[in-house]
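One gets this note's numbering by counting positions in the sequence shown from 1 and adding 7 to each. Worksheet: one structure, shown below.
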Amino acid sequence: MLEINSSLFLQVANFLILIVLMNLFLYRPIRDILRRRSEEMGRLEGLISDFSVKSEQERNLIEERLVKARKDGYQEKEGLKAAGLKEERALTQEAGAKAEAKIGQAKTEIEGKIEEVRKALEDQVSIFSKELAQKVLGRTIQ
């Protein structure tokens, strides 16, 4: 069995001194290191969550700006398209008007030449009719 003598008290005192020394030199520094590490991890996690929120906000802002830029670009494209169509219509109308004017001028010139030829032929009709009558009758007509 267990004998209670002076060595037991020495062992208990030795155990208590060892616990105090281990607490001072081993456990307390390790607990301080673990506490600081835990605090640092908490601080870093807070920073990470802050940066995540800011990142999400920036991404949303970029998406909104991208959508707005696409919308503005589409509107600009449609505006330029409409202006181009308007310009095209104006140019085709102008070209059509010039063509109509040239056609009208050509018609006038042709009608003038037809009239000249008609007058020339009318002057020559009596000559041609005399010649034809002479050939049909077989004698000269004056």
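For every residue, glycine included, the Cβ atom is placed at its ideal position computed from N, Cα and C.
Alpha helix (DSSP H) segment containing residue i, residue limits
i    : result
N160 : The structure shown does not extend to residue 160, since the chain is modelled only from 8 through 149, so no value can be given for it.
G49  : 35-144
Nearest-angstrom Cβ-Cβ length linking residue i and residue j, presumed shorter than 8 Å
i    : j    : result
I134 : A140 : In fact, because the Cβ distance is near 11 Å, the residues do not count as touching under 8 Å.
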